[in-house]
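FYI, the numbering for the sequence shown is 151 to 379, going by this note's numbering. Note that the Cβ used here is the ideal one computed from N, Cα and C, for glycine as well. Here's the structure we're looking at; comments come further down.
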Amino acid sequence: MALTLYYHPFSSYCWKALIALHENNVPFTARTIDLSNEKEAAELKALWPIGKFPVLQDSSRNHIVPESSIIIEYVDQHYPGKVPLIPADRDLARQTRMRDRFFDFYVMDQASKIITDHFRPAGKNDSHGVELARKALARAYDMIEKDMANKTWAMGDSFTLADIAASPALFYADLVEPLASRHKNAAAYLDRLMKRPVFIKVLKDALAVLPPGFPYDAQFKASLQRLAA
């Protein structure tokens, strides 16, 4: 296959690339990278010296494409499928990219700060950073609640890059700050995202590599059980 995705099944940003590829049935080879393995980490850095996944290698075009959002744009341009992920209209495309950035920066990154704090060594926790992250999530939730009042997907009736970004972001954020109690529209949006077959596949693959001591283990498994019911 021309495309090889270097990734890890538990990484939220890898989920974005996986969802985009699977939504349009784009053939690719999946290459799992364990960053704690020196050889595998070196393999990734040889492609992208920053050493972060996901990274897409396109042997047919001799391209190395890092960063989840850029990978999605690349695939949408060069390997388009039945689901256009970036609107052709430039104004709508800009709004789509803005929502992608919003979900990455103001939802996913804030949830990550809270989750990773659980894995810090004793005495190295960042309680102030966690408090700020929870406040940032609260602001983001209020914005999403208003924005999703009368829409199926982030850009209206069409599933796009924005919804791909929202999928892991809202899933992980809901683990640390549940949506349902005060944000009914946002919770319903997450429910629609999670019911897409591609999301269920990605979630199952992530569950298989759930890290030991993951603080939201029970909630993670319960989400998958609910979808399978």
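Nearest neighbour of residue i, chosen from the options [CA to CA]
{"i": "D254", "options": "P230, L311 and D341", "result": "L311"}
{"i": "P230", "options": "N174, F203 and L329", "result": "N174"}
{"i": "A283", "options": "D267, Y224, M293 and H333", "result": "D267"}
{"i": "D341", "options": "Q245, Y322 and L242", "result": "Y322"}
{"i": "Y366", "options": "L343, P328 and D297", "result": "P328"}
{"i": "S331", "options": "N275, E295 and A243", "result": "E295"}
{"i": "K301", "options": "R247, Q369 and L343", "result": "L343"}
{"i": "G363", "options": "H333, D324, L287 and P271", "result": "P271"}
Backbone CA spacing between residue i and residue j [nearest angstrom]
{"i": "D239", "j": "A192", "result": "40 angstroms"}
{"i": "L357", "j": "L320", "result": "17 angstroms"}
{"i": "N212", "j": "L168", "result": "21 angstroms"}
{"i": "I265", "j": "H228", "result": "35 angstroms"}
{"i": "V233", "j": "E188", "result": "38 angstroms"}
{"i": "F269", "j": "K202", "result": "19 angstroms"}
{"i": "K371", "j": "D259", "result": "22 angstroms"}
{"i": "D313", "j": "D208", "result": "25 angstroms"}
{"i": "A180", "j": "L353", "result": "16 angstroms"}
{"i": "D183", "j": "L194", "result": "Note that residue 183 is Ile in the sequence shown here, rather than Asp. Going by the C-alpha atoms only, they are around 8 angstroms apart."}
{"i": "N275", "j": "R249", "result": "31 angstroms"}
{"i": "A368", "j": "I200", "result": "33 angstroms"}
{"i": "A333", "j": "Q245", "result": "Note on identity: in this sequence residue 333 is His, with Ala being the wrong assignment. Spanning the two alpha carbons is a distance of roughly 23 angstroms."}
{"i": "A315", "j": "A304", "result": "10 angstroms"}
{"i": "Q375", "j": "D355", "result": "14 angstroms"}
{"i": "S434", "j": "V257", "result": "As displayed, the chain neither begins before 151 nor continues past 379, which places residue 434 out of reach and without an answer."}
{"i": "R247", "j": "S218", "result": "12 angstroms"}
{"i": "D241", "j": "G273", "result": "48 angstroms"}
{"i": "K285", "j": "R251", "result": "18 angstroms"}
{"i": "L235", "j": "A243", "result": "9 angstroms"}
{"i": "P237", "j": "H278", "result": "39 angstroms"}
{"i": "K351", "j": "S210", "result": "27 angstroms"}
{"i": "D324", "j": "L287", "result": "10 angstroms"}
{"i": "V176", "j": "L377", "result": "24 angstroms"}
Beta-bridge partners of residue i, as assigned by DSSP
{"i": "T179", "result": "T154"}
{"i": "D250", "result": "Beta-bridge pairing links D250 to no other residue."}
{"i": "P318", "result": "In the DSSP output, where bridge partners are listed per residue, P318 has none listed."}
{"i": "I222", "result": "DSSP lists no partner for I222."}
{"i": "D127", "result": "The first residue shown for the chain is 151 and the last is 379, placing residue 127 beyond what the model contains."}
{"i": "G306", "result": "W303"}
Sequence-distant residues of its chain with Cβ nearer than 6 angstroms to residue i (five each side left out)
{"i": "P318", "result": "S162 and W165"}
{"i": "V205", "result": "Y156, L197, W198 and P216"}
{"i": "S373", "result": "none"}
{"i": "T326", "result": "The sequence shown places Val at residue 326, rather than the Thr named in the question. Closer than 6 angstroms at the Cβ level, and outside the excluded window around V326, lie A261 and I264."}
{"i": "A190", "result": "The residue asked about is misnamed: residue 190 is Glu in this sequence, not Ala. If we look at E190 and ignore the five residues flanking it on each side, its Cβ neighbours are I183 and D184."}
CB contact below 8 angstroms: residue i versus chain C
{"i": "K334", "result": "The question asks about chain C, but that chain is absent: this structure has only one protein chain."}
7 angstroms Cβ shell around residue i - same chain, five flanking residues per side excluded
{"i": "F178", "result": "M151, L153, T154, L155 and L171"}
{"i": "M298", "result": "N335, A336 and Y339"}
{"i": "V280", "result": "K263, I264 and D267"}
{"i": "V359", "result": "P159 and F160"}
{"i": "I214", "result": "L197, W198, V205 and Q207"}
{"i": "P361", "result": "F160"}
Margin query: Quick check: the region 347–362 against the region 301–308, are at least 3 beta-carbon pairs closer than 8 angstroms?
Written below: Contact between the region 301–308 and the region 347–362 is absent, because fewer than three Cβ pairs lie under 8 angstroms.
Note to self: When you compare the region 285–293 with the region 217–228, are there three or more beta-carbon pairs, one atom per stretch, that lie closer than 8 angstroms?
What the structure shows: Segments in contact, no.
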